[in-house]
Amino acid sequence: MVYFIGAGPGAADLITVRGAELLKKADVIIYAGSLVNPALLDYAKKECKIYNSAEMTLEEVIEVMKENRDREVVRLHTGDPCIYGAIREQMDLLDEAGIEYASVPGVSSFIGAAAALNAEYTLPDVSQTVILTRMAGRTPVPEKEEISKLAAHGATMVVFLTSTMLKELSGRLIEGGYAPDSPAAIVYKATWPDEKVVRTTVQNIAEAAEENGINKMALILVGGFLGDRYERSKLYDPTFSHLFREAKKG
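Under the numbering used here, think of the first position of the sequence shown as 55, with each following residue one higher.
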């Protein structure tokens with residue numbers, strides 16, 4: 055069996071219990087060395103074979119899985135592998151090879167970033183939608199998902215894989231409808247020991263990143279959820295009734 059496991063956003067203790075237990079049992083671990091905290095390899099048993107996929111092609115990764123089809127193999131991805139994890143192409147090749155696999159979810163970096171900011175993405179009367187996206191680079195983005203078109207919604211936005219294109223990102227966000235002084239934040243290596251959080255505005259994202267020496271492994275967060283204005287939730291409003299509680303009178 056091959057297990058695709060989400061390693062979490064960085065901190066070694068933010069992997070799920072299920073993921074940690076499978077790491078302990080694994081005969082082979084293939085981990086994304088450029089992104090996954092190597093401290094997670096401390097879960098591995100001494101005789102476990104470990105491969106760094108940052109140095110491998112897709113075909114080489116699959117070949118290791120084929121060579122170990124009778125063993126427990128863990129494919130360790132950063133965050134949750136369902137977001138920019140390139141797992142579908144691996145699964146399709148495993149299907150062709152007749153190798154079984156399963157997925158174990160992980161804590162995504164966008165969740166780790168919210169924790170670093172002590173922020174709530176979905177504030178009443180501010181935004182009830184979270185857009186996870188990226189700028190087009192070597193991997194293109196569908197034309198209808200271009201940043202300025204998504205920005206037109208005014209929703210909370212979390213931008214992945216864009217740390218080297220921040221000036222262009224600011225322009226696209228403003229073109230789409232965000233005011234230049236709209237709040238934004240840069241979260242570098244969320245939950246890692248060297249985590250860095252920078253609060254800024256949409257127009258100053260690139261400058262803030264440069265001033266703080268950030269040029270990779272950062273998420274860009276944009277939206278009113280970073281501001282001070284919001285409405286109180288109805289769920290805990292004393293005047294609001296629901297299935298579990300009657301409204302309080304007076």
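Don't be surprised by glycine CBs; every beta carbon is placed ideally from N, CA and C. Keep in mind that this is a model prediction, so the values were computed, not measured.
Take residue 203, set aside five residues on each side of it, and the residues of its chain with a beta-carbon closer than 8 angstroms to its own are 230, in chain order. Counting C-beta pairs with one atom in each stretch, the stretch 134 to 145 and the stretch 157 to 171 have three or more that are closer than 8 angstroms, which means they touch.
Residue ranges of uninterrupted alpha helix (DSSP H) with 4 or more members, entirely inside the stretch 177 to 259 and ordered along the chain, are 201 to 205, 220 to 230. If the five residues before and after residue 210 are omitted, its C-beta is found closer than 6 angstroms to the C-beta atoms of 175, 181, 184, 277, 279, all from its own chain and listed in chain order.
Where residue 171 is concerned, there is no enclosing beta strand (DSSP E), although the alpha helix (DSSP H) around it starts and stops at 163 to 171.
Short of 7 angstroms from the beta carbon of residue 262, and not among the five residues preceding or following it, lie these beta carbons of its own chain, in chain order: 240, 252, 254. By the C-beta density criterion, residue 281 is exposed, having fewer than 16 other C-beta atoms within 10 angstroms.
Out of 190, 272, 122, 116, the CA that lies nearest to the CA of residue 146 is found in 116.
The Cβ atoms of residue 153 and residue 120 lie closer than 8 angstroms to each other. If you draw a straight line from the Cα of residue 238 to the Cα of residue 177, it is about 15 angstroms long. Per DSSP, residue 94 lies in no beta strand (DSSP E) segment and is marked neither H nor E. Residue 256 is a Cβ neighbour of residue 232, given a cutoff of 8 angstroms.
Going by beta carbons, residue 98 and residue 77 fall inside the 8 angstroms limit.
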